[in-house]
Amino acid sequence: MKKRIWQAFVRNTFRTLLWSLRLAPWKSVMAWGAALGAFGYKCSARYRNVADRNLKAAYGDQMSERERQALIKKVFQHFCGTLLEFLKAPTLTPDQLRSFVKADSYAYVEELLARGKGMILVTAHFGNWELLARRAALEGYEFAVVARQSDDAAFNEITDKLRENGGYVVHPRGASPKALLQRLRKGGIIAILPDQKSEDVFVPFFGRLAGTVAGPAVIALKTGAPILPMFCIRQPDGTYRMELRPEIDITSTGDTEADSTRIMADLTAVIEDVVRQYPEQWLWLHDRWKVPPPAHLAEEYAARTRQHDTPSTPIAG
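Going by the working numbering, the first residue of the sequence shown is number 62, and it counts up by one from there.
Here it is, written out as structure tokens:
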């Protein structure tokens, strides 16, 4: 009963926000996001504690309690802002979207697509991944995003329509990969956000083994589709810039498990690098290290960490 009441509240809140944001100027949207984030920071002890625990583990003594709390508040404000931007985005004209989310060139994307195997775009719960998809779709790319669906079908309907309005579709996480493989065979793009807990593979992230979705690696090894890391990074003036990183090496050795772990370790290292540059734009509120690695992997990683200054060697199961 409580769950149904909460779901109804969330749906109605979204509908109210959609209506309220239609005519609101972007400066107001940004101000509302900051205010909503400050309110969320004060009210959500649970997520504050998760973020604080994550930051302690990631930065140790490099970050004081005061610095951690200041950063956590910024994280709340950033993601409340991205939510409102996602809801506001359908009102933007193509020129307005291009101005708000800048991209210097898609030449590298075209180069990879010219191989005829499609492309696996990997980003993270960082910056504004929804605007990344909308901006890329604006250039005419066939686009599908792998996303976890809510338990509330009505809520999914709202968010799916917003995404379809942006020119891209959602492939539910955990659903059959058949449609994704077909899209790649037709030269399309699939986008995956692998920076959430999973038991697929365990790779280093901020000096700890993190259970990580292996989907990008598995699909790349199966299809030969290149993997391109891309991020939509908020700028000091509140706009965004699309930034690409070099494609990930997907060379196969014939050992699928080891290859998948290596590929995801390389991808996760790229994500860690961008998070270290812009820590307030990553979802520290998510319990990223909740899934513990198997004991033998943890012991092997600890041993390697003691032997090397930088624990970057992937651990295969």
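From the three backbone atoms N, C-alpha and C, an ideal C-beta is built for every residue, glycine too. Predicted, not measured: the structure shown is a model, and the values here were computed from it.
Within 10 angstroms of its Cβ, does residue i collect 16 or more other Cβ (buried), or is it exposed?
i	result
F70	exposed
N73	exposed
I332	buried
Q338	exposed
H357	exposed
D256	buried
I376	Bear in mind that the predicted position of I376 carries a pLDDT of just 48, short of 50, making it unreliable; the figure below should be weighed with that in mind. When all chains shown are included, I376 counts as buried.
R109	buried
I324	buried
E318	exposed
I66	exposed
A197	buried
P265	buried
Provide the residue span of the beta strand (DSSP E) that contains residue i, from first to last.
i	result
V230	230-233
M180	180-183
I311	That residue, I311, is in no beta strand (DSSP E); it is neither H nor E in DSSP.
A252	250-253
Could you tell me the distance, in whole angstroms, from the CA atom of residue i to the CA atom of residue j?
i	j	result
M291	L193	8 Å
S166	P297	21 Å
A99	V336	21 Å
G378	Y202	Bear in mind that a pLDDT of 47 at G378, under 50, signals an unreliable position, so the model cannot answer this.
H232	Q368	42 Å
V230	D122	43 Å
A278	S321	5 Å
S259	E360	19 Å
E304	R244	24 Å
K103	W350	24 Å
A96	C141	9 Å
D348	L153	34 Å
R365	F263	14 Å
L346	L173	34 Å
S81	N226	18 Å
T77	P355	45 Å
H186	N115	15 Å
P372	A112	Residue placement at P372 cannot be trusted, given a pLDDT of 46 that sits under 50; the coordinates are not used to answer.
Classify residue i as helix, strand or coil using the three-state DSSP reduction.
i	result
L305	strand
F267	coil
L289	strand
G142	helix
S273	Strictly speaking, residue 273 in this sequence is Thr, with Ser absent from that position. Strand.
V207	strand
K103	helix
R295	strand
K149	helix
I376	Residue placement at I376 cannot be trusted, given a pLDDT of 48 that sits under 50; what the coordinates show is reported in the next sentence. Reduced to three states, the DSSP call for I376 is strand.
V279	helix
K163	strand
V352	coil
Where does the unbroken alpha helix (DSSP H) through residue i begin, and where does it stop?
i	result
A118	106-120
E341	Where E341 is concerned, there is no enclosing alpha helix (DSSP H), given that its DSSP letter is neither H nor E.
Y169	168-174
E200	First-last for E200: undefined, no H or E at that position.
Inset, instruction - Evaluate contact between the stretch 129-149 and the stretch 81-100, counting only Cβ atoms and requiring at least three cross-stretch pairs below 8 Å. - result: yes
Inset, instruction - Flag this pair as touching only if the stretch 265-273 and the stretch 155-162 have three or more C-beta atom pairs under 8 Å; answer yes or no. - result: no
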